[in-house]
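Report on the structure given below.
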Amino acid sequence: MKKKKGTFYTIMQFTLILLFTLFLRNFFLTPVEVVGVSMEPTYHESDRLWQTSLVRPKRFDIATFPSPSSGKRIIKRVVGLPGDTIRMENDQLYINDKKYDEPYLDEFKQDLTDGSPLTADFSLETIAVGSAKVVPAGKYFVLGDNRRKADDSRYFGFVDKEDIVGVVYFRYYPLNKIGVQ
């Protein structure tokens, strides 16, 4: 009788450990690989990140979602929340008519030599995919950090809240850049 009881408890422990591991993997330690250059200088091709799906994205968080054009998972910075107005003038971001600094772009802006801004002027009313005055309910406006080479909300429109897979919170590769994001 003791052997059966011991075997049952071992199977239950293994099952619980497996379920806990699956929970961590699916909701908290979901790996993401950066593909492309749209998030440089923040992230580079082949950087490895962890994301969580347990939190909602806040302004300036990096979120992952399926690309509207290819369906592959991409990462972008959440800039506009539902109800926000967004515009860019002279390389300055305005959200709800308030100036916002973007220190994560300083490295790129310093390296510019052609006299053109990193981010061309735009507003929600002038982007290629519509003429909304504010970010609609249940949607986000996202931008890549490499503004000249990013396919983002300026071109494919708003991202549905339901399409957000997760929020990036940790880089684990390359090892010299490991850390909380």
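Just so we're aligned, residue 1 is where the sequence shown starts under the UniProt record's numbering, counting upward by one. C-beta atoms are modelled at their ideal positions from N, C-alpha and C, and glycine is treated no differently. Here the structure is a predicted model, which means the values were calculated and not measured.
- Scanning its chain for C-beta atoms nearer than 6 angstroms, with the 5 sequence neighbours on each side dropped, one finds around residue 94 the residues 87, in chain order.
- For residue 118, DSSP records no beta bridge to any residue.
- Of the residues 145, 10, 133 and 25, the one whose Cα lies closest to the Cα of residue 81 is 133.
- Looking at the DSSP output, residue 170 shares a beta bridge with 50 and 180.
- Apart from sequence neighbours up to five positions away, the residues of its chain that approach residue 130 with a beta-carbon distance below 7 angstroms are 157, ordered along the chain.
- Two segments are said to touch when three or more pairs of C-beta atoms, one from each, lie closer than 8 angstroms; by this definition the stretch 35–53 touches the stretch 135–151.
- Taken through DSSP and simplified to helix, strand or coil, residue 6 comes out as helix.
- By the CB criterion at 9 angstroms, residue 171 and residue 49 fall inside the cutoff.
- Contact between residue 63 and residue 76 holds, since their C-beta atoms are separated by about 7 angstroms, short of 8 angstroms.
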